[in-house]
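Written as structure tokens, this is what we have:
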């Protein structure tokens, strides 16, 4: 059993190739084999969002604070608030983030397949983001 | 993409064969294949705890409120507080719950192997629980 105490892992900021705006990552804990899941908190400042991307095994998001947007390609943008949970199926092209006026924090629960948790695509343009 | 809004799933109470005391379950969302992870919040009233059990793929716990205890068999009981994360390896016999005086809520992140998330064993006696 491994206990990671609050405050023992420094906060980090997400890389601008795959995110727009200020996005903070607070990693929690990584499973060991045969488990293959990683958990972490991600905080999007207003206007911030992921790039379009997919997950080989899907991803669960649990909104822990604030109010944000999620969108699958070809579907309308949806609003998510604290307490909501989102399931993104394997291979579905999508993005998630804050709204243009409110910050959003979610816990991301992501399983790996052959060591790969996600595949990054192009950034979400301002037009795509605001149009929804 | 599936969005489970807060308030859309009724709270439930855990079965007394596998838990001591009052334990509330608020299920979040279940992955779809090839994902195999389930997430849910579990709230232990003071004195409440799981039975001894194991997980075939391990389990991640993220303490979201309160203060509790976790123990692996043969190791000392450990204290966990809001913001701490715990990794329980596959097959490790353990229990988790509130302390005798304080409630504890954790998010449980559990992967399935062949549809099995956990294997229940005997209840944690008051002597085991309080001795630590």
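Protein chains in written order, with the working numbering: chain A, 882 to 1013; chain B, 882 to 1013.
The C-beta atom is built at its ideal place from N, Cα and C for all residues, glycine as well.
Keep in mind it's a predicted model, so treat the numbers as computed, not measured.
The Cβ neighbour count for residue 1010(B), taken over all protein chains shown within 10 Å, is at least 16; the residue is labelled buried. Nearest in C-alpha terms to residue 923(B), of all of 984(B), 997(B), 993(B), 1003(B), is 984(B). About 24 Å separates the Cβ atoms of residue 911(B) and residue 903(B), ruling out a contact at the 8 Å cut-off. In the DSSP assignment, the residues bridged to residue 976(B) are 952(B). Closer than 9 Å to the CB of residue 980(B) there is not a single CB belonging to chain A. If you check the CB distance, residue 968(B) and residue 952(B) do not come in under 9 Å. Listed along the chain, the chain A residues whose CB falls inside 9 Å of the CB of residue 915(B) are 937, 938, 939, 971, 992, 994. Apart from the 5 residues on each side of it in sequence, residue 1002(B) sits with its Cβ closer than 7 Å to the Cβ of 932, 933, 934, 974 in its chain, given in chain order. Look at residue 1011(B) here: in three-state DSSP terms it is helix. Pairwise C-beta distances place the region 938–947 of chain B in contact with the region 985–997 of chain B, as three or more of them are shorter than 8 Å.
If you draw a straight line from the Cα of residue 908(A) to the Cα of residue 1006(B), it is about 35 Å long. As the crow flies, the alpha-carbon of residue 970(A) is around 14 Å from that of residue 885(B).
Interface annotation for the region 884–915 of chain A against chain B: 884, 885, 886, 887, 909, 910, 912, 913, 915, criterion Cβ-Cβ distance under 7 Å. With respect to chain A, the C-beta atom of residue 950(B) has no partner C-beta closer than 9 Å. At a Cβ-Cβ threshold of 9 Å, residue 982(B) and residue 944(B) do not count as neighbours.
Relative to residue 916(A), the option among 995(A), 1013(A), 1012(A) whose CA is nearest is 995(A).
The DSSP-derived three-state label of residue 923(A) is strand. At a cut-off of 9 Å between beta-carbon atoms, residue 975(A) makes contact with chain B. Residue environment: residue 947(B) is assigned as buried (16 or more neighbouring CB atoms within 10 Å of its CB, all protein chains considered). Per DSSP, reduced to three states, the secondary structure at residue 959(B) is strand.
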